[in-house]
Every structure is written in C-alpha cells, then in structure tokens.
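Report on the following structure.
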Amino acid sequence: MANIILMGPPGAGKGTQAKRIVDAFKLPHISTGDMFREAISQGTPLGLQAKAIIERGDLVPDELTIGLVKERLSRDDCAEGFLLDGFPRTIPQAEALKVLGPEIGRAIDLVIDISVPDEELVRRIAGRRVCPKCGASYHITDMKPKKEGICDRCGAELIQRKDDNAESLKVRLDNYYKQTAPLIDFYEKEGLYHHFDGMVGADNLFKEIQTLLEASK
Ligand code: AMP
-18 MANIILMGPP GAGKGTQAKR IVDAFKLPHI STGDMFREAI SQGTPLGLQA KAIIERGDLV
42 PDELTIGLVK ERLSRDDCAE GFLLDGFPRT IPQAEALKVL GPEIGRAIDL VIDISVPDEE
102 LVRRIAGRRV CPKCGASYHI TDMKPKKEGI CDRCGAELIQ RKDDNAESLK VRLDNYYKQT
162 APLIDFYEKE GLYHHFDGMV GADNLFKEIQ TLLEASK
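Anchor point for the sequence shown: position 15 equals -4 in the numbering used here, and the numbering is continuous, going up by one each time.
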C-alpha cells in the first residue's frame, strides 16, 4: 500500500476521510493533531509545550513536530504504508520529510488535498463535535451521531474542541493560507499532488479517493 499525505484547511473533512481510508486500506493513521491532543491530555512535557499554542490556533514549532513524526514513522507498523493527516503543514516540515522519508524507507507516494470554500469551513467548524477517545468527527446538523452526544464508534461522550471557536479558527485559517497552502505548489512540482473538491459530500469524496488509491496499489 502507499505512503500518503492528506492535506486541506481545518474543516475540509480530513479527519472523516482519514478514518475511512485507514479502515478500508488497513493503514496506520498518523494525525499530528491527535498526537498533540493525546500528549496534552496525558500532561507530558510535549503536551505542556503545545497546549496554549494549539488552543489559540497557532502551529506547534517545526522542530517539535518533525521530531514527533520522525519517531512515529520509524515504527514497524508504517513499513507497509501509512496515512499522514495534518503533517506536513509548513515548507520546512515538507523539506524535512523529503529527506527523512527515503532515509527510513518511507518516501511519500501521493498527496491528497481537499479544498472547501472559507464560509463553509467556518460553518463546519462551528458545528463540529469530536470524540476525545477515538478522534471521530461529527456535525450537529450534517453528520449527527446515532445517539445525541455519543460517539458511534466507541461510545465516548462527544466534545467541542477548544480550538473550534471563531477566534482560533481565524488564526488557523490564516496560518493555513500563509504556511500550508504553499505545499500545493511544492507537491505539484514533486509530481505527487492530487486535488479533490471537498463539497461533493463525504460519501462521494471517499469514492473518488478510493478510486485513486485502488489505482495506485
Ligand atoms: P488538527 O487536529 O490537524 O486540526 O491539529 C490541531 C492543532 O495541532 C493545529 O491547529 C496545530 O496547532 C497543531 N498541529 C497539528 N499538526 C501540526 C503540524 N504538522 N505542525 C504544526 N502544528 C500542528
């Protein structure tokens, strides 16, 4: 299977598609956001450093993030492919991965980018609820859980992320356009880039992504 990067602005549907991709293709799901949230909830030194940065919507410094991903990608479960969700988010991170990947036998095969207009991102983030245990995402009107407030996958109580508020979202979107959007050009030049329209609905989007992944098996 392939070594995949999933990218897109906050609210594009990365988390939802990531869950479907890793279930269908049996890949480890490497979400730097989930790893940071886990570190925060466990109160590790990394979590303590990252907490305030994440809550205000800023990016965690590259050295910390790259170190975290390097350790995670080196593990045995990534030998047959993986899905990186939310990394890289800056050009220095992408440059580091370009060197690190081949060094540890984990070169990137393809990049999936999901785009959605800003007004829709704002609407989606305002109504987003997440499972703190398994990371599944829901929406209060568009993607309701079967039982209100409870995760369909693992039964935990759903929460609203601390950074899912209007103020932090503004910072996150700003960071996205300034720091992450330049990766589109970077990966186009590498010949790895695949664009998807995030407005076609979660099921249709997954079908399109699945077709690409089946073809590159
Ligand atoms: P996410 O769950 O992907 O939306 O990530 C939540 C937050 O974690 C982001 O807003 C950043 O503060 C931080 N974060 C996640 N991935 C990265 C990354 N690759 N580089 C820097 N910060 C990150």
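In this text, a Cβ means the ideal position worked out from N, Cα and C, and glycines have one as well. If you're wondering where the values come from, they're calculated on a predicted model, not measured in any experiment.
Cα-Cα separation between residue i and residue j, rounded to whole angstroms
i, j, result
"His176", "Leu194", "13 Å"
"Leu45", "Glu61", "25 Å"
"Asn156", "Pro(-9)", "10 Å"
"Leu8", "Thr(-3)", "15 Å"
"Asp90", "Phe167", "14 Å"
"Thr13", "Tyr158", "19 Å"
"Leu54", "Glu169", "23 Å"
"Glu84", "Glu52", "13 Å"
"Leu154", "Met(-12)", "13 Å"
"Phe6", "Ala(-17)", "9 Å"
"Val41", "Val181", "31 Å"
"Ile140", "Gly130", "8 Å"
"Gly179", "Val80", "30 Å"
"Asp57", "Thr161", "28 Å"
"Val152", "Asp144", "10 Å"
"Gln191", "Ile72", "27 Å"
Same chain, Cβ closer than 7 Å to residue i, neighbours up to 5 away in sequence not counted
i, result
"Asp15", "Gly116"
Residue from the options with nearest C-alpha to residue i
i, options, result
"Gly(-6)", "Val92, Asn156, Arg70 and Ile106", "Ile106"
"Arg18", "Lys0, Ala33, Leu91 and Lys7", "Ala33"
"Leu65", "Gly172, Arg153, Ile(-14) and Met180", "Ile(-14)"
"Tyr174", "Asp94, Val103, Pro98 and Ser197", "Asp94"
"Ile165", "Leu78, Arg37 and Val92", "Val92"
Where the beta strand (DSSP E) containing residue i begins and where it ends
i, result
"Ser197", "Where Ser197 is concerned, there is no enclosing beta strand (DSSP E), given that its DSSP letter is neither H nor E."
Beta-carbon contacts of residue i that lie in its chain and below 6 Å, excluding the five residues immediately before and after
i, result
"Ala137", "Cys112 and Lys114"
"Arg142", "Val111"
"Arg134", "Cys115 and Ala117"
"Leu78", "Pro69"
DSSP bridge partner residues for residue i (one or two, in chain order)
i, result
"Asp66", "Leu(-13) and Ser12"
"Tyr174", "Val92"
"Met124", "His120"
"Ile131", "Glu138"
"Arg109", "His120"
Start-to-end residues for the alpha helix (DSSP H) that takes in residue i
i, result
"Ser149", "Ala147 to Asn156"
"Pro73", "Ile72 to Glu84"
"Pro26", "Pro26 to Arg37"
"Val50", "Asp43 to Leu54"
"Val3", "Lys(-5) to Phe6"
Sequence-distant residues of its chain with Cβ nearer than 8 Å to residue i (five each side left out)
i, result
"Ser22", "Gly28 and Pro113"
"Pro26", "none"
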